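Input: a single structure, listed below in structure tokens.
Numbering (this note's numbering), first residue to last: 127 to 415.
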């Protein structure tokens, strides 16, 4: 039996507890459910699973089928961009040597989802989820109708209620949000523009400025795609520095999903002044390794 793969499917529901629980049960039948993160403002839930290749494909297919039955994008409202009920479904190689296994599992899942009658787009480094989400479902359908895009699997029309599914394979990333104690959305957008890769910020960092109406604040929402190359604590420090420069206080941070041990060690190494601290000195990975 090989080292487990990870999957981190994102579903467009963060308010209806019954639906979130139903998706969790569907995923849990075939694989081990490690974490569930929900957000009412994003109206989104991120599940973290672990398992062998075939187990993960079965789990993800069951979760996508459940989401298709229970989520209607025509009734959906949330600040996070999305084009599907099961919006983005990454299969993650925790170890670099398992990337081919992750790619094969993602392709197998894409085949199965296409057979369900849902359009599937395979994403990667060249064209990430944001490439497909820009403008939402209506814009994605327009691009299909115009021949600008063709699904990798499934029909060329989005499902009226479930939309499309974005499937990919990748290494671990860190999804991390920093709250700002202001309701000025433009401040969050400015800071996101400074730290994101596309704006000349940190390599591989994707960032959005989002409003959180339920809390009356805004947030810088980030994906740090190569946390081994770009230390998370340096990105967070830059967000806080940019907030101070704009006369805004940064609030709490929020981790979405699970944190790789090496990222935690790097942050602790800096904070504790322990230059030799790495994942090999963390208790749990040594016990499980």
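Even glycine gets a Cβ: it sits at the ideal position worked out from N, Cα and C.
Computed from a predicted structure; not experimentally measured.
Query: For the alpha helix (DSSP H) holding residue 376, just list the boundary residues, first then last.; Result: Not the alpha helix (DSSP H): residue 376 falls in the beta strand (DSSP E), residues 376-382.
Query: When burial is assigned at 16 or more other CB atoms within 10 Å of the CB, is residue 368 buried or exposed?; Result: buried
Query: In the DSSP assignment, find the alpha helix (DSSP H) that holds residue 225 and state where it starts and stops.; Result: 225-241
Query: For a cutoff of 8 Å on Cβ pairs, would you count residue 245 as touching chain D?; Result: Chain labels in this structure do not include chain D; a single protein chain is all it has.
Query: Going by DSSP, what residue range makes up the alpha helix (DSSP H) through residue 183?; Result: 179-196
Query: Can you tell which of 290, 187, 204 and 186 has the C-alpha that lies nearest to the C-alpha of residue 142?; Result: 204
Query: Helix, strand or coil: which one does DSSP assign to residue 322?; Result: coil
Query: Excluding the five sequence neighbours on either side, which residues of its own chain have a C-beta within less than 8 Å of the C-beta of residue 135, listed in chain order?; Result: 153, 172, 173, 175, 186, 189, 190, 212, 214, 215 and 216
Query: To the nearest whole angstrom, what separates the beta carbons of residue 307 and residue 377, a pair I think is in contact under 8 Å?; Result: 5 Å
Query: Closer than 6 Å by C-beta to residue 210: which residues in its own chain qualify, once you throw out the five before and the five after it? Chain order, please.; Result: 289, 290 and 291
Query: Which residues in the same chain as residue 309 place their Cβ atom closer than 7 Å to its Cβ, once the five residues preceding and following it in sequence are excluded?; Result: 342, 343 and 344
Query: Spatial neighbours of residue 284 within its chain, please: CB distance less than 7 Å, with the 5 preceding and 5 following residues excluded, ordered by chain position.; Result: 245, 263, 266, 267 and 290
Query: Taking all protein chains shown into account, do 16 or more other C-beta atoms lie within 10 angstroms of the C-beta of residue 370, making it buried, or fewer, making it exposed?; Result: exposed
Query: So what does DSSP say about residue 171, is it helix, strand or coil?; Result: strand
Query: Give the C-beta separation of residue 408 and residue 387 to the nearest angstrom, bearing in mind that I take them to be a contact with Cβ-Cβ under 8 Å.; Result: 5 Å
Query: For residue 179, which of 254, 352, 166 and 158 has the nearest alpha-carbon?; Result: 158
Query: Is it buried or exposed, residue 294, if we count other Cβ atoms within 10 angstroms and call 16 or more buried?; Result: buried
Query: Going by C-alpha distance, which of 127, 359, 319 and 129 is nearest residue 389?; Result: 359
Query: To which residues does DSSP link residue 163 through a beta bridge?; Result: 172
Query: Determine whether the beta carbon atoms of residue 349 and residue 381 lie at a separation below 8 Å.; Result: no
Query: What distance in whole Å lies between the Cβ atoms of residue 325 and residue 351, which are believed to be in contact at a cut-off of 8 Å?; Result: Incorrect: roughly 15 Å between the Cβ atoms, too far for contact.
Query: Sorted by chain position, which residues of the same chain lie with C-beta nearer than 7 Å to residue 258's C-beta, five sequence neighbours on each side aside?; Result: 209, 247, 249, 266 and 292
Query: Could you give the uninterrupted runs of the alpha helix (DSSP H) lying entirely in the segment 231-298, keeping only those of 4 residues or more?; Result: 255-259 and 262-271
Query: By the DSSP assignment, the alpha helix (DSSP H) with residue 310 in it spans what residues?; Result: Counting along the chain, residue 310 falls outside any alpha helix (DSSP H), and DSSP gives it neither H nor E.
Query: Under DSSP, the beta strand (DSSP E) around residue 341 begins and ends at which residues?; Result: No beta strand (DSSP E) holds residue 341; DSSP gives it neither H nor E.
Query: Whose C-beta lies closer than 6 Å to the C-beta of residue 319 among residues of the same chain, with five residues either side of it excluded?; Result: 325
Query: To which residues does DSSP link residue 348 through a beta bridge?; Result: 302 and 333
Query: Where residue 156 and residue 182 are concerned, what is the direct C-alpha to C-alpha distance, given to the nearest angstrom?; Result: 7 Å
Query: Write down the C-beta distance between residue 346 and residue 304 rounded to the nearest angstrom, noting that I regard them as a contact closer than 8 Å.; Result: 5 Å
Query: Taking the CB atoms as reference points, tell me whether residue 167 and residue 340 lie closer together than 8 Å.; Result: yes
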